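As you go down the protein sequences, you meet chains A and B in turn.
Going by this note's numbering, the first sequence wraps up at 193, each residue one higher than the last.
Going by this note's numbering, the second sequence wraps up at 1023, each residue one higher than the last.
Heads up, the beta-carbon is just placed ideally off N, CA and C, and yes, glycines get one too.
Every value quoted in this text rests on a predicted model; they were computed, and no experiment measured them.
To start, the structure itself, in structure tokens.
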Amino acid sequence: MKKLKSILAITILAITFTACSSDDDSPAPVNQEEVITTLIATLSSTSGNITMTYRDLDGDGPDAAVVTVSSALAANATYAGSLDLLNETESPAESITAEIEEEDDEHQFFFSSALVSSAYADMDGDGNPVGLAFTLTTGDVGTGNLTITLRHEPSKSAEGVSDGNIANAGGETDIAVTFPIVVQ
Amino acid sequence: MKFYLTLCVFCLSLLAMAQECNSILKGTIDDFHDGTKIVGASLYIESLKKYTVTDLEGNFEFTNLCDGIYKVRISHIACETKELDIEVSGNTVYNVTLEHHIEELEQVKVEGSSAKTQTNSSQETVLKSKNLEAYSSGSLGDALKQISGVNSLNTGNTIVKPVINGLHSSRIIVMTNGVRLQDQEWGIEHAPNIDINSAESISVIKGSGALAFGGDAIGGVVVMSPQRAFLKDSLFGKTITSAQSNGRGYSISSKLTRTYVKGWYISGQGTLKRYGDFEAPDYSLTNTGLNSKSFSINGGFKTFEKGFNVFYSFLNNEIAILRSSHLGNAEDLENAINSPLPLTINDFSYDIDAPKQDVTHQIFKTEFYKRFKRFGRLDVQYDFQNNKRLEFDIRVGDDRDKAAIDLNLKTHSIKTTLKLDSNHGNTYEFGISANYQNNFANPNTGVRRLIPDYDKYDFGVYAITDLTINDKLRLDFGARYDFNYYDAKKFYQTSRWEERDYDIDFADLVIEDLGTQLLVNPKFEYHNISASAGTTYEINDHNALLFNYSLSNRAPNPSELFSDGLHHSAARIELGDLRIDQETANRFAFSYLFSSEKLTINLEAFYNLVNDFIYIEPTGTEQTIRGAFPVWSYMQTNASLLGLDLSVDYKISKQWSFKNRSSILKGRDLDLERPLIDMPSNKTVNSLYYNNEKWLNFNASLQSELVLRQNDFPDNNFETFIPTTGETVLIDISTPPPTYHLLHLNSDITFALTDKTNLNVGLSVQNLLNTSYRNYLNRLRYFADDLGRNIVLQLKLNY
């Protein structure tokens, strides 16, 4: 019986304890990491720079992204391209480009367009393309789209992948954005 | 002759007088419960070989006793035999109470007829240890599927949630050793954190009729009970080890129990399981392993009149989730659905990589009970549960090894029940319970919280009565009131807050504005009424009818209210709704039972009308930098579920027997006039058993499992633009997989090693024909086939 009593006492004690453990502290906000809010593609040529920007400041939130292309591309021209990725939910904005450079063997960009052709201008430690630097060659006059896709953990050795063909790449999509382009 | 006899008697009485052996021991024997006199109980004094029986008033009397202490053994049919040391000094009156083992009897009856134990008129099935041991290496959800009407909702093959008559998650209560499991059961990919090996028997109660466990079990209640303690000096245990080909894994589970005649008992149990990547018939399912560790200690003191129980259990599951199920966006989903093979297939490995879950659940419980003469039993219980859930996503950079979800749910519960059983055949039970629950979402994950920090308070009170009208008719009634209160603190993206129009309806909840994020403090309360009424009627020895009506209310769970974010494993954005109110179910159940020596039939029909049924369905797509994602939103509708479950057991001969378990279910959305999403397929399982005691008690069975294609499903297919191809495609996430048929083979033999030790060797083959199939209720059905052939060798040692 004594044992029973002591167990009951412990029970009551435990309940009293928990009843007191209430705190009114507000939780800390989470600054979403690894969020890519912004992709800036810069195309440079002797006739000047063209900037294409995709910006979705609320990330996975409901607001639509803002897509801008600074000007039309010239016909039959070659542009040296570079990509910059940012997380602008943080202040100052965090560069995601550096993270991708660090793990370039696990990332690859793909460029697809019926209007322009592209080639890789960089490579990872294994000699496979990454796509943070690229060249873009325009042909005839027209309007269309340029889609830039970033795949995480693609199989870079699969057929055609190192040439920029996404079909066999696999992996997960980290970025898939489409810019409307005009070649004139 | 007469003279000698008289002389002899005279001498004897003289002798007796000389020792003053003329004391009388008398008294009455009555029943502990209701005080009625027990007629015909026998009393025996061993040292004197004296024997008497109680008369019609329960009186007994021993005459011509010498003063001293006697060991008296008292026994009566249906009572536990009692041994008492009674001191006789002169004429002694000693009254005895005997315990009519009503409850114990009921338990025994259950073993015999596999009918009911927790409730009177609910549709209830009991699985005993023999049925459970075969699933020692599996999960609770796997074991429960042997009951008709019970299915499972899977994420792969190691995350298995039970589905009772089409309902799951928060609509099912899982009780383990008297504790209601609080383990974030709201999540579709959160399996019950319980080791199947810790249970000696499991009772599944369909519907919400068992109000003692809670008022919100619209689906049903799963009651897991540990080994009952016996009042004798004994040490026993069992060890089950198994090795299996699929997953190249093993499981070992051991249990040891020590009991004492005085009532003390202690039992320890532990289980280890380890599996690597499982295999579908045609390929390896990369990253599907499991690493599980658990143990529990159960001890206490138990007599009929009083006792206590202290219980602690620990469980850790590290579960890998199919690599190919991790997706980037709707385009990846499209690729995955259309790809004949999973997108990632690597060589076999025991590694558990992201995506994965790492869940630890601890339960501490203490319980105390006392019986009062001619009154009833009072029970007081406190329990504490600590659930820690880590979910790891595929991440890059410094966050690679950081959990994406880090939740810690702590629950304290206290409950008191009073069961009045002094009125023979009629019992009345009252109970009060209170819970305090705290959820903490660790902000260090660097991912916005899917479930916010909250405090939840619950209070419940109920009354149940079970009335025996005559030996054929029994009635039961119950009523319950529950109060739930949430006090949550959640960050919303300002854009989401405005998109959901919360800025209009819930503006007063905002306590802090951080620009792009708002901190809000929802305080919601819910009042729930539940009730049940039922009757069982035994027509004759073979036929019985059972009817039950239950009303239940369930308050929304945190996931339904607060979910808000991207779920990578499902490539979907899930949105809860603060406006969701509780759902109300009216369930009508009717059962017919036939039992004869050879044939047992149990036909269970039900109609469950759920008003404001809470469900999640695709409602559109949202564009992000990663591409489009389908948005799944929690909504409410009026729904009906109509079903029929059939169990047939037929003894063909002494050695052959046959079993059928079949179920049909129709779920309708009454508002939209279309089928409900995620309803289990109709299925029938037929098994043929053979047993030959002469061949080392050889058992063999062949089981045929036929699962029909679910033809009733809502069309949630959606169109999305695929940027890489420039096309808009229809993504088919609705069409259920085709009908499939599987064969399973089981066999075992038993060796008696000593008179107390035996070894059972079992060999079974699941999916004998290595059939490729997918199940509608497996969330990974888009990505890969289900398991291929699996050969399991099981050794079971009882000692």
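In the pairwise beta carbon analysis, the segment 892–903 of chain B is classified as touching the segment 860–871 of chain B: at least three pairs are separated by under 8 angstroms.
With respect to the 7 angstroms criterion, residue 372 (chain B) and residue 871 (chain B) are classified as neighbours on the basis of their beta carbons. Rounded to whole angstroms, the Cβ separation of residue 51 (chain A) and residue 64 (chain A) is 14 angstroms, and the two are not in contact under 8 angstroms. Just so you know, the alpha carbons of residue 118 (chain A) and residue 944 (chain B) end up roughly 21 angstroms apart.
Beyond the five residues adjoining it in sequence on each side, residue 627 (chain B) comes within less than 7 angstroms, by CB distance, of 614, 615, 616, 669 in the same chain, given in chain order. Taking the Cα positions, residue 690 (chain B) is about 36 angstroms away from residue 460 (chain B). Taking 4 residues as the shortest admissible run, the segment 41–126 of chain A contains the following complete alpha helix (DSSP H) segments, listed from N- to C-terminal end: 106–111. Around residue 746 (chain B), no beta-carbon contact reaches into chain A at under 7 angstroms, the shortest distance being about 13 angstroms.
Taking 8 angstroms as the upper bound on Cβ-Cβ separation, chain B lies near residues 71, 72, 73, 74 of the segment 71–94 of chain A.
The DSSP-derived three-state label of residue 435 (chain B) is coil. Going by beta carbons, residue 796 (chain B) and residue 344 (chain B) fall outside the 7 angstroms limit.
Residue 727 (chain B): not part of any beta strand (DSSP E); member of the alpha helix (DSSP H) spanning 726–729, first to last residue. Here DSSP, grouped into helix, strand and coil, assigns residue 357 (chain B) to helix. According to DSSP, residue pairing for residue 457 (chain B) in a beta bridge does not occur.
Contact check for residue 891 (chain B) and residue 390 (chain B): beta-carbon distance about 5 angstroms, within the 8 angstroms limit, so the pair qualifies. When the alpha-carbon of residue 809 (chain B) is set against those of B:736, B:816, B:440, B:526, the nearest one is in B:440. Within chain A, 181, 182 have C-beta atoms less than 7 angstroms from the C-beta of residue 556 (chain B), given in sequence order.
Cβ proximity to chain B below 9 angstroms picks out 43, 44, 45, 46, 47, 48 from the segment 43–56 of chain A. The Cβ-Cβ distance between residue 437 (chain B) and residue 445 (chain B) falls below 7 angstroms. Secondary structure at residue 39 (chain A): coil, using DSSP grouped into helix, strand and coil. CA-to-CA, the gap between residue 873 (chain B) and residue 979 (chain B) works out to about 32 angstroms. Residue 889 (chain B) and residue 484 (chain B) have their C-alpha atoms some 48 angstroms from each other.
A Cβ-Cβ distance of about 21 angstroms is found for the pair residue 845 (chain B) and residue 175 (chain A), leaving them out of contact under the 8 angstroms criterion. Here DSSP, grouped into helix, strand and coil, assigns residue 682 (chain B) to strand. Residue contact check for residue 112 (chain A) against chain B: a CB pair falls below 7 angstroms.
Residues of chain B whose Cβ lies closer than 7 angstroms to the Cβ of residue 125 (chain A) do not exist; the shortest such Cβ separation is about 14 angstroms. Annotation for residue 718 (chain B): the continuous alpha helix (DSSP H) segment containing it runs 718–723.
Sixteen is the threshold: since fewer than 16 other Cβ atoms of the shown chains lie within 10 Å of the Cβ of residue 683 (chain B), the residue is exposed.
Your pair residue 657 (chain B) and residue 433 (chain B) does not check out as a contact, with CB atoms roughly 18 angstroms apart and the cut at 8 angstroms. Between residue 970 (chain B) and residue 925 (chain B), the gap from beta carbon to beta carbon is short of 7 angstroms. About 15 angstroms separates the Cβ atoms of residue 38 (chain A) and residue 719 (chain B), ruling out a contact at the 8 angstroms cut-off.
Following the DSSP letters along the chain, one finds residue 555 (chain B) inside the alpha helix (DSSP H) bounded by residues 554–562.
Taken in chain order, the whole alpha helix (DSSP H) runs of length 4 or more contained in the segment 872–917 of chain B number zero. Residue 129 (chain A) does not reach chain B, its nearest Cβ partner there being about 17 angstroms away, counting only Cβ pairs nearer than 9 angstroms. Burial is judged here by how many other beta carbons sit within 10 angstroms of a residue's own beta carbon; residue 708 (chain B) has at least 16 and is buried. By the C-beta density criterion, residue 764 (chain B) is exposed, having fewer than 16 other C-beta atoms within 10 angstroms.
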